[in-house]
Amino acid sequence: MKSFLFATFEGGGSVTPMLGLTRGLAARGHRVRVMSDACNRPEAEAAGATFVPWTRAPSKAGRSREYDTWDDWSQDNPADGFANLMENLIAGPALAFAEDVLDELRREPADLVIASEMLFGVPLGCEAIGQRHVLLGVNIPLFPMPGFIPLGPGLAPPRTEEERAVHAEVGAGSRQMLNAFLPRFNEARAALALPPLADICDQHKSAEAFFIATARAFDFAPDVLPAKVAYVGPLLSDPAWAKPWRSPFPSADARPLALVAFSTTFQNQVGVLQNVVDAIASLPMRAIVTLGGPILPEEVRGAENVVVIESAPHDAILRDASLVITHGGHGTVMKALVHGRPLLVLPHGRDQEDNATRVEARGAGLRLARSAGVGEIRAAVTRLLEEDSFAASARALGALIAREAANSPLLDGLEQLASPANSAGGEAQLAYAL
8 MKSFLFATFE GGGSVTPMLG LTRGLAARGH RVRVMSDACN RPEAEAAGAT
58 FVPWTRAPSK AGRSREYDTW DDWSQDNPAD GFANLMENLI AGPALAFAED
108 VLDELRREPA DLVIASEMLF GVPLGCEAIG QRHVLLGVNI PLFPMPGFIP
158 LGPGLAPPRT EEERAVHAEV GAGSRQMLNA FLPRFNEARA ALALPPLADI
208 CDQHKSAEAF FIATARAFDF APDVLPAKVA YVGPLLSDPA WAKPWRSPFP
258 SADARPLALV AFSTTFQNQV GVLQNVVDAI ASLPMRAIVT LGGPILPEEV
308 RGAENVVVIE SAPHDAILRD ASLVITHGGH GTVMKALVHG RPLLVLPHGR
358 DQEDNATRVE ARGAGLRLAR SAGVGEIRAA VTRLLEEDSF AASARALGAL
408 IAREAANSPL LDGLEQLASP ANSAGGEAQL AYAL
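Heads up: the sequence shown begins at 8 in the working numbering, then just goes up one per residue.
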């Protein structure tokens with residue numbers, strides 16, 4: 008039996024994939040602990056883990072909007088929103104996250120720490136004591152790496168010199184924004200007797216491996232991955248807080264069904280949700296709107312053919328659905344595609360423009376601005392239902408994604424990295440590239 012310590016945070020789609028992994032390791036007989044926000048205790052314990060809340064580091068007591076401390080949705084552009092996350096989660100509280108992890112490792116050592124790639128303080132703390140650790144990204148890569156397309160504005164692979172110049176400019180701007188936090192981050196390193204970094208993303212180099220929990224078939228993956236980096240397929244669990252599902256529609260109702268699922272964190276999405284409901288209300292179809300926590304049911308007005316609920320396991324709805332309408336969060340996109348469902352994506356920030364670009368590039372759906380009106384949404388939904396190519400492309404892409412998920416080497420890889428035989432580090436992770 009090995010001891011694993013997971014370190015994550017309440018960020019909507021950041022928790023459930025991690026807990027699916029903890030469940031898998033616990034089922035194999037390993038000792039598993041999860042450090043996260045206080046509100047994640049019930050679902051962590053349901054996954055078979057011992058829960059440890061953040062104490063010095065930020066820790067949300069609940070998932071509803073009054074506990075939101077990021078406020079990235081209110082920024083003028085995605086870059087400002089990400090800078091807000093850097094301040095409030097990624098880099099600003101790095102020393103607090105490091106000290107919490109160090110306290111827990113002193114209390115009970117671990118063979119391997121598995122950290123969200125967004126919590127720079129966790130590998131910082133691990134590096135300070137020589138603790139073996141890996142990074143896990145439960146989305147397309149968020150931070151600059153050689154060969155990867157810069158995140159943010161939803162860039163497609165460049166085809167011309169002009170487009171390559173745009174990529175270079177966006178990439179340089181991203182590094183500049185990230186490294187604005189470098190002086191303070193180096194102060195945190197100095198507090199732990201570590202030398203300064205030249206680039207804040209160099210902190211990721213302390214990890215034994217960087218696992219990207221998405222599908223290579225979905226991402227714009229480079230031909231050659233950087234050292235220690237590997238795709239391991241998406242982690243597709245439903246959240247433990249999702250309520251049991253029973254369709255509110257008669258079993259004989261054969262109208263097409265849409266799943267409408269936006270963020271499980273607050274991104275000021277009430278107006279968009281209402282526009283989606285109003286667009287579907289006049290179409291010969293049905294829809295289930297799952298609000299996911301930050302929006303109350305009374306804030307969104309349903310219709311005869313549109314039922315608004317707090318939550319439900321998306322897998323259960325997707326078995327009967329014909330399409331998905333979403334903000335473009337990675338988890339929702341992955342599940343829709345694995346079920347072969349085309350998507351209408353209305354991005355709200357974060358990695359959502361980039362997910363939408365990948366959906367469009369594969370012919371598996373359409374994208375609209377979040378400001379789209381009822382008529383635009385209605386027209387896009389109609390296209391997705393009437394033009395068979397979208398569903399065909401979604402099925403083809405989904406089959407590739409499902410294959411990567413089913414053949415994921417992640418559990419075996421984590422066990423291998425936790426073994427003393429690999430304590431020299433470095434060579435084991437090379438076997439994980441898909």
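For every residue, glycine included, the Cβ atom is placed at its ideal position computed from N, Cα and C. All values reported here derive from a predicted model rather than from experimental measurement.
Contacting residues, own chain, Cβ-Cβ under 6 Å from Met292 (five flanking each side not counted): Hits under 6 Å: Arg262, Pro263.
Local conformation of Met292 per DSSP, three classes: In the structure shown, Met292 sits in coil (DSSP, three-state: anything other than H, G, I, E or B).
Cα-Cα separation between Glu17 and Gln210, rounded to whole angstroms: The alpha-carbon separation between Glu17 and Gln210 amounts to approximately 22 Å.
Leu417 - DSSP class collapsed to helix/strand/coil: Looking at Leu417 - three-state DSSP - the assignment turns out to be helix.
Backbone CA spacing between Ala371 and Leu350 [nearest angstrom]: Looking at the two C-alpha atoms, the distance is approximately 7 Å.
CA-to-CA distance, Phe155 to Leu298, given in whole angstroms: Cα atoms of Leu298 and Phe155: separation of roughly 33 Å, rounded to the nearest angstrom.
Segment contact flag, the segment 194-202 with the segment 372-392, C-beta cutoff 8 Å, min 3 pairs: Contact fails: fewer than three Cβ-Cβ distances are below 8 Å.
Minimum C-alpha distance to Gly338 - residue among Asn282, Gly278, Ala412: Scanning Asn282, Gly278, Ala412 for the CA closest to the CA of Gly338 turns up Ala412.
Beta-bridge partners of Ala237, as assigned by DSSP: Looking at the DSSP output, Ala237 bridges to Phe218.
Buried versus exposed call for Ala200 [16 or more other C-beta atoms within 10 Å across all chains shown]: With fewer than 16 other beta carbons inside 10 angstroms of its own, Ala200 counts as exposed.
Which residues DSSP lists as bridging Phe155, in chain order: As far as DSSP is concerned, Phe155 takes part in no beta bridge.
6 Å CB neighbourhood of Gly132 in its chain, flanking five on each side removed: Excluding sequence neighbours, Gly132 sits near Ala105, Val108, Leu109.
Boundaries of the beta strand (DSSP E) in which Met42 is found, first to last residue: From DSSP, the beta strand (DSSP E) with Met42 extends over 38-43.
Span separating the alpha-carbon of Leu232 from that of Pro148: Whole-angstrom Cα-Cα distance: 12 Å.
Inter-residue Cα distance where the pair is Ala438 and Arg365: With a pLDDT of only 45 at Ala438, under 50, the local geometry of the prediction cannot be trusted, and the value read off the model is given with reservation. Here the C-alpha atom of Ala438 lies approximately 27 Å from the C-alpha atom of Arg365.
Other residues of its chain near Ala387: CB distance less than 7 Å, five sequence neighbours each side excluded: Excluding sequence neighbours, Ala387 sits near Leu351, Leu373, Leu375.
Met42 versus Glu394 - alpha carbon distance: Going by the C-alpha atoms only, they are around 46 Å apart.
Whole-number beta carbon distance between Gly347 and Arg390, since they are thought to touch under 8 Å: Between Gly347 and Arg390 the Cβ distance is about 17 Å, and since that is not below 8 Å, they are no contact.
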